[in-house]
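Numbering (my numbering), first residue to last: 863 to 1113.
Glycine residues also receive a C-beta, built at the ideal position from the N, C-alpha and C atoms.
These numbers were taken from a predicted model, which means no experiment stands behind them.
Comments concern the structure below.
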Amino acid sequence: MILEALNYAATWPLTAPGHRPFMRSSVNLWSRAGRCAADWREHEENSKAAVLAAMAKCRQRRTAVVLGSGLLRDVPIIELSRAFDTVVLVDLVHLANVRAWLGMKGLKNVRLIERDLSGYEDLRAGGAADPLGFLRQVPYLDFVVSANLLSQIGQGAKRRLEKEGGHGMPADTLPRLIRAHLDGLGALPVQTCLVTDIGYAVIDRTGRLSEEGDLLHGVAVPSHAAEWDWPVAPLGEESRDYRILHKVIAV
Ligand SMILES: C[S@@+](CC[C@H](N)C(=O)[O-])C[C@H]1O[C@@H](n2cnc3c(N)ncnc32)[C@H](O)[C@@H]1O
């Protein structure tokens, strides 16, 4: 708890006021990632391998952008930093410990941007969601990675709809936002890599499936090169009675 409080306090002055409400969930993610490190290792290695395989196909290596860079646990940031002139990390929040680690490693070509990548505000304004439109302004863009972000866009929008009552928002907000991310990535004239969880399963202590769900909210799963399980909440993390497994794909 003390480390979490310190990280939160150190991140506060480094974070734009509009993004501070998201700091709590980033700190919680950091905390959970530490507790579940052994269970998450294979997922993180698989994610990094997918990004490196896509990177190998880049003919030019000027600017790489990582969407949902978060804690940099499933992003091969050292390899990206060595390979590209500039690496831009985009997330709602960049925690102080992540910033400090980047400084300690001397990754001087890494830039951080705080940005909402959901497209929610576009829909709220009555327009079409274009959450990745800003990438068209990034000079010398050669590679874009979406790093275990997409399902979180759906989750975040769901929480926001519940909290704000969804007034004026389309009934199909969640699939629209997910589709907009996939279409935005697909429209980029550069190499891309999408790693995302697509579904969840809740499994009880006896191994019985007690619940399962679609994290893409009905949007068709893109054809993918690899898939694996991510034990997001091993037994004992959320409950002693069940564990939660996510299905992840790499495109
Ligand atoms: C499961 S984590 C990804 C972990 C990260 N790739 C890593 O290597 O640690 C999801 C990330 O997406 C970010 N995120 C969630 N919703 C977002 C949004 N609307 N815009 C930008 N980032 C978002 C979260 O802050 C979090 O860092």
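According to DSSP, what are the bridge partners of residue i?
| i | result |
| --- | --- |
| residue 866 | Residue 866 is not bridged to any residue. |
| residue 1053 | 1005 |
| residue 1058 | 1111 |
| residue 892 | None, per the DSSP bridge assignment. |
| residue 1105 | 1065 |
| residue 1074 | 1063 |
| residue 1092 | 1108 |
Is any heavy atom in ligand 1 found nearer than 7 Å to the beta carbon of residue i?
| i | result |
| --- | --- |
| residue 935 | yes |
| residue 1115 | This structure gives no information on residue 1115, because the portion of the chain shown stretches from 863 to 1113. |
| residue 884 | yes |
| residue 1016 | no |
| residue 980 | yes |
| residue 1091 | no |
| residue 1056 | no |
Among the options, whose alpha-carbon lies nearest the alpha-carbon of residue i?
| i | options | result |
| --- | --- | --- |
| residue 929 | 901, 1087, 977, 1034 | 977 |
| residue 1064 | 1001, 871, 994, 1104 | 1104 |
| residue 868 | 957, 1008, 1079 | 957 |
| residue 864 | 901, 889, 941 | 889 |
| residue 937 | 972, 966, 921 | 972 |
| residue 954 | 920, 1001, 894, 882 | 882 |
| residue 935 | 949, 903, 1006 | 903 |
| residue 996 | 1018, 985, 1050 | 1050 |
| residue 1112 | 891, 880, 909, 870 | 909 |
What is the rounded straight-line gap between the Cα of residue i and the Cα of residue j?
| i | j | result |
| --- | --- | --- |
| residue 885 | residue 1094 | 20 Å |
| residue 983 | residue 1068 | 43 Å |
| residue 1056 | residue 999 | 20 Å |
| residue 1036 | residue 907 | 29 Å |
| residue 1089 | residue 1061 | 11 Å |
| residue 1135 | residue 987 | Outside the shown range of the chain (863 to 1113) lies residue 1135, about which nothing can therefore be said. |
| residue 1042 | residue 900 | 34 Å |
| residue 1009 | residue 905 | 12 Å |
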